[in-house]
Every structure is written in structure tokens, then in C-alpha cells.
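Participant: If you read the protein sequences in the order shown, they are chains C and A.
Quick note, our numbering runs 39 ahead of the 1-based positions in the first sequence.
Quick note, our numbering runs 47 ahead of the 1-based positions in the second sequence.
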Amino acid sequence: VAAEAFEALVRQNRDQLYRGAYRLTGNHEDAQDLLQEALVEAYAAFGRFQMGTHFTRWVMRIMTRTFIDRTRRRPPFAVQSLDEARPTAEGERSGFDVPDTRLDPEAEMVQEMLEEPLQEALTALPAEFRLAIVLCDVQGMSYEEAARAARCPVGTIRSRLHRARAMMRRTLGPSLRAVYERGEG
Amino acid sequence: MMRCERVEELSSDYVDGRLAARPAGEVEAHLRTCSDCRSLVGDIQQIKALLARTAPPTAEPEFWNRALARARAAAPAARQRLNLQALLQWQRGAAWATATASLAVGVLFPVRFQEWQRAGAKNTQHVIGWHAGYCSRQPLADQGQMQMLAMHAHLASEE
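1. Determine, using beta-carbon pairs with one atom in the stretch 130-148 of chain A and one in the stretch 101-111 of chain C, whether at least three such pairs fall under 8 Å.
2. If you draw a straight line from the C-alpha of R85 of chain A to the C-alpha of L150 of chain A, how long is it?
3. So E80 of chain C contacts chain A; which residues on that side make the cut at Cβ distance below 7 Å?
4. Identify the contact partners of L131 of chain A in chain C, using a Cβ-Cβ distance below 7 Å as the criterion.
5. Counting Cβ pairs closer than 8 Å, one from the stretch 189-203 of chain C and one from the stretch 170-180 of chain C, do we hit at least three?
6. With DSSP collapsed to three states, give me the class of F88 of chain C.
7. Rounding to the nearest angstrom, what Cα-Cα distance links T4 of chain C and A67 of chain A in this structure?
8. Candidates A:V158, A:V88 and A:R50: which alpha carbon is nearest S58 of chain A's?
9. Under DSSP, the alpha helix (DSSP H) around C191 of chain C begins and ends at which residues?
10. Using a Cβ-Cβ cut-off of less than 9 Å, give me the residues of the stretch 40-54 of chain C that come near chain A, in sequence order.
11. Restricting to Cα atoms, I'd like to know which of C:A60, C:L157, C:D72 and C:L161 is closest to R20 of chain C.
12. Give the residues of chain C in contact with Q93 of chain A, contact being defined as C-beta atoms less than 7 Å apart.
13. Leaving aside the five residues before and after P192 of chain C along the sequence, list all residues of the same chain whose C-beta is less than 8 Å from its C-beta, in chain order.
14. Mark M90 of chain C as exposed unless 16 or more other C-beta atoms lie within 10 angstroms of its C-beta, in which case mark it buried.
15. Could you tell me whether any Cβ in chain C is nearer than 8 Å to the Cβ of P103 of chain A?
16. Would L135 of chain A count as contacting chain C if we go by Cβ distances under 8 Å?
What follows is the structure in C-alpha cells.
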């Protein structure tokens, strides 16, 4: 029963989970490795998960620890262009499955144009700054939840978030303005 | 009037709605008159909204089947690792507790003990003095009291 419940929760929240892993790593291969490792740990610890609480945030806490361990052990994750095709298990090369964002066409177009610069700006951040951004802005955690996941004081999360946003603004600002100005024009 | 540097410092907290009413009001008053700070706050709001809304490409369904199968297969080993981690954490905690206790006993206790000895010697003198005075006023009823007096005299001579 626990296995079925775990599987159901993972499938139900898969986009959100994958988004967290992808935003942290910046490419599919590392995102899948990170998520796989986090899911193994989460499944083993599933007995401690309180049903009815936020499953993605619980897995994100586990993924955060895995991510911190990995960034200490390994060099930074590589960035992969979205235009680049990736190899499948059968050795073929396929494109990416882009999820249905269910937005109006104009907003969808803006987001598609900004997706790659957004991920590049994220990947350029130091790992601990990226983690703060992903926990708070991508996963919607409060500073307190993010601090608990990253095992650091709330003030550290606040300061990392502030500095990360400033750095992202410097990198992303021109693309952001160009896209919105084009939209207005 | 709030300065641009201060608005920059507070910009993240402002966008996240974590400022109290008064500083938030001061930031807003500044934003009405300063286009640079307005652009800063606007950019942060847009980046935050993009991060929340933009969905990167997701994994193909086979990944999830594979990942869940691996999670099930690796669960016993992972559980053992988690238990081992918990044990190591407990051992680390116990080691810290032992080290702290040893420090307290090895360093703090001798210091305190010397203080207690000094205080104790004063108290002993006081008690002996009082007891000797008391006994001298009482008839020596038994051999025990005589021995006590002899001990007092001996202790007093040592002091």
C-alpha cells in the first residue's frame, strides 16, 4: 500500500518535482540523476512522510540535501541548450516533451522565449544561491521552509535570495526587457 | 524619504511581501518618484513570476517508470544507509555529549572544586567553632562527645 501511495504521489506531482531538479541542475541528464537519487531516498524514508502534508516540498527537502552533497563532491552541473536533442535509451535522438502550460498564447510565447535565458541565468549562479531561488521562487517555499530544507538560518536564505535575484537581473535584464518591449510593440 | 540604496536592500523583502506596513509604504512612496528603483522592483517581480510559472521541458514517461522501479529495488539498501546515518548521527551526538561532559569534569570541576574546598574549609571552621562552643556548654555525657572534642582540637590544630 505504501508503495502504491508513493507511486501515486510521485506521478501526481511529477512536473513540479522535475521542475525543481531541472532548475537546480540546468540539464536533463543531471536532473534525472538527482531526481532518481532523491526518489530512492524518499521511498526508503516514506514511512516518515505525513500523509496530507505537502509531498513535493518533502521530496524537495530530500533533493536539497542530495544536491548539496553532490555539489560538494562533484564539479558544477553542465548547461544544456533546449534546442539540443537528447539521446534516448534506444540510441535515437528525440526532442523534449514540453508540458502544457495552459496560458494564453502571448504569455506562452513570452515564456518560451525566456525559458533558455532564464535557465542560463539560474545555472550561472553559485549553487547555494541557485538553491535559495529554486526553493523559494520555483517551489514557492517560505523563507522558513527553505531554511529548514537547506539547513541554514532564515537570514542566510533571505540574503542569498536577495543577491541571487540581483545577479539574475544583471544577466537576464536585457532579454527580459527586449521580450516585453517586443510584446508591447 | 527613503534613499535608493535602502530601497535596493529592501527590494527582495518588498517583492515577497515580507516588509511591515510602514517600511513597505516608504518603499512605495519612493517607487512613485524613482524610475530606476521602479525598474529594479519590476524586474525582480517579473523574474519571480517567470520562475514560478515557466515550466521547463519535462521527462518522458519511461523515466518515471524506470525511476520508480529503481526506487523500489534500491529501498532496502537505502533504508540501511538511512539507519546507519541515524546511528552515526546518534553516535556523533553521544561523542559530543561525552566530550562536553569530559570538558566539564576535567576543566570546570577542578576549578569549582578548589572554590568549594576553600568555601568548605571556612564552613568547617565555622561548624567546628560552633560545635566546640556548644559542647563546652554541655556536660560531657558520653565517650563519643569526648572523642568529638578531641577531633575538633586536632582539626583546629591542623587549620
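Ideal Cβ positions, reconstructed from N, Cα and C, are used throughout, including at glycine.
Just so you know, these numbers come straight off a predicted model, no measurement behind them.
Facilitator: The relevant details are as follows:
1. No contact exists between the stretch 130-148 of chain A and the stretch 101-111 of chain C.
2. Mapped onto the second sequence, residue 85 of chain A falls at position 38. Mapped onto the second sequence, residue 150 of chain A falls at position 103. Rounded to whole angstroms, the separation of the alpha carbons of L150 of chain A and R85 of chain A is 57 Å.
3. The residue labelled residue 80 of chain C in the question sits at position 41 within the first sequence. A125, listed in chain order.
4. For the purposes of this step, residue 131 of chain A is identified with residue 84 of the second sequence, where counting begins at 1. At a beta-carbon threshold of 7 Å, none of the residues of chain C lie near L131 of chain A; the nearest stands roughly 12 Å away.
5. Touching, per the Cβ criterion.
6. As a working note, residue 88 of chain C is residue 49 in the first sequence. F88 of chain C falls in the coil class under three-state DSSP.
7. Coverage of chain C is limited to positions 40 through 224, which leaves residue 4 of chain C absent and any answer about it impossible.
8. Counted from its first residue, the second sequence places residue 58 of chain A at position 11. Per the Cα distances, A:V88.
9. Taking the first sequence and counting its residues from 1, the one referred to as residue 191 of chain C is at position 152. Premise fails: C191 of chain C is in no alpha helix (DSSP H) and is neither H nor E.
10. Along the stretch 40-54 of chain C, going in chain order, the ones with a CB nearer than 9 Å to a CB of chain A are A42, F45, E46, V49, R50, R53 and D54.
11. Past the boundaries of the shown model lies residue 20 of chain C; chain C is included only from 40 to 224, so the question cannot be answered.
12. Along the second sequence, one-based indexing puts residue 93 of chain A at 46. Within chain C, L215 have C-beta atoms less than 7 Å from the C-beta of Q93 of chain A, given in sequence order.
13. Locating residue 192 of chain C in the first sequence gives position 153, where the first residue counts as 1. Within the same chain, and ignoring the five residues on either side of P192 of chain C in sequence, the residues whose Cβ sits closer than 8 Å to its Cβ are A186.
14. Here residue 90 of chain C corresponds to residue number 51 of the first sequence, with the count starting at 1. Around the beta carbon of M90 of chain C, a 10 Å sphere encloses fewer than 16 other beta carbons of the protein chains shown; the residue is thus reported as exposed.
15. Along the second sequence, read from residue 1 onward, the residue named residue 103 of chain A stands at position 56. True, the Cβ-Cβ gap to chain C drops below 8 Å.
16. If you number the second sequence from 1, residue 135 of chain A lands on position 88. It does not: the Cβ of L135 of chain A has no partner Cβ on chain C nearer than 8 Å.
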